[in-house]
Each structure stands twice: as structure tokens, then as C-alpha cells.
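All residue numbers for the sequence shown refer to numbering that gives the first Met the number 0, where the first residue is 0 and numbers rise by one.
For glycine and all other residues, C-beta sits at the position ideal for the given N, C-alpha and C.
Owing to the predicted nature of the structure, the values given are computational and were not obtained by experimental measurement.
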Amino acid sequence: MVKKPQRSIEEIFREDNRYPLEAVQFVREGLNHAVAKFHRQGAQTGTVRHVSGAQLCAGLRELALKRWGLMARSVLAKWNIKRTRDFGEIVFLLVENGWMQKEPQDRIEDFEDVYDFQKAFQRGFEMSPDS
Numbered sequence: 000m001v002k003k004p005q006r007s008i009e010e011i012f013r014e015d016n017r018y019p020l021e022a023v024q025f026v027r028e029g030l031n032h033a034v035a036k037f038h039r040q041g042a043q044t045g046t047v048r049h050v051s052g053a054q055l056c057a058g059l060r061e062l063a064l065k066r067w068g069l070m071a072r073s074v075l076a077k078w079n080i081k082r083t084r085d086f087g088e089i090v091f092l093l094v095e096n097g098w099m100q101k102e103p104q105d106r107i108e109d110f111e112d113v114y115d116f117q118k119a120f121q122r123g124f125e126m127s128p129d130s
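Right, dumping it as C-alpha cells:
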């Protein structure tokens, strides 16, 4: 049974007070990006497709780098997102309040240490001596 939202996202995150609404919006956009990346056909037909915590984190990393480049880690840190677990905290708060769905096997631990933020947001931007 799908849980119906009882409170607005604004109310939920204002009360929780860990992450601003911009962070929540980014995670929701990142979910769409990850679904499109990992389930191209399903995304085009509107079929609901599940992505794992690791896939969502990968999609969020890609989207952040695309939007903000070298500033991605700084933007996320401003929103109090400093590790992949923070993405999971946002997702599970949305799940608990009926704004997202999860599969029975999904756990918050799926978001633990998916990648190191410092390394993940530098990769692709490091210059070699030959550059």
C-alpha cells in the first residue's frame, strides 16, 4: 500500500531542519536524472523504474558536476550535504512521509559511503602536467 503524504514537503523539512528545500529539490531532480540514465526506455514510456541507493548517488554526482562543475561540492556543503548518507537521509524522510516510494529491500545503509565526496567531485577536473 502506498502511503499518501499528510504534510507538505516544506513542513517536513522545516521541522526536520537538517537540509534546506533546495537540497530536497535537487535530490528529486536527481532521481529523475538517475531513472533516465539507468532506465532509458522506462523513463520515456512513463513506467516507474526503481534505482538503487548507489545508482541514485551516481546520478546525483553526475547532475551536480554537470550543473556546478568544480563548485558542486561547495554547493552541496552549503545545503549540509557532505556525504552520500545525506542523500539517503533526504530520500528516507521523503519515503517516511509518503512523497517517495521504496522497495522492501531498500535501506538507509544503501547510501553509506557510496563514494568519497572530495574525490568524487574532483574527478574529471584534475589537470595533468601535459594539459
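Quick check: what's the CA-CA separation for Ile80 versus Tyr18? 8 Å
Contact belief for Phe120 with Arg82 at Cβ below 8 Å, rounded distance in angstroms: Going by Cβ atoms, the distance from Phe120 to Arg82 rounds to 12 Å, so no, they are not a contact pair.
May I ask you to verify whether the stretch 90-100 touches the stretch 60-67, counting CB pairs closer than 8 Å and requiring at least 3? no
Using 10 angstroms around the beta-carbon of Gly87, count the other beta-carbons present and answer buried if the total reaches 16, otherwise exposed. buried
Contiguous alpha helix (DSSP H) assignments of at least 4 residues, all confined to the stretch 50-80: 52-67, 71-77
Answer yes or no: do Gly29 and Leu75 have a C-beta to C-beta separation smaller than 7 Å? no
In chain order, what residues of the same chain have a beta carbon less than 8 Å from the beta carbon of Pro4, not counting five sequence neighbours either side? Asn96, Gly97, Trp98
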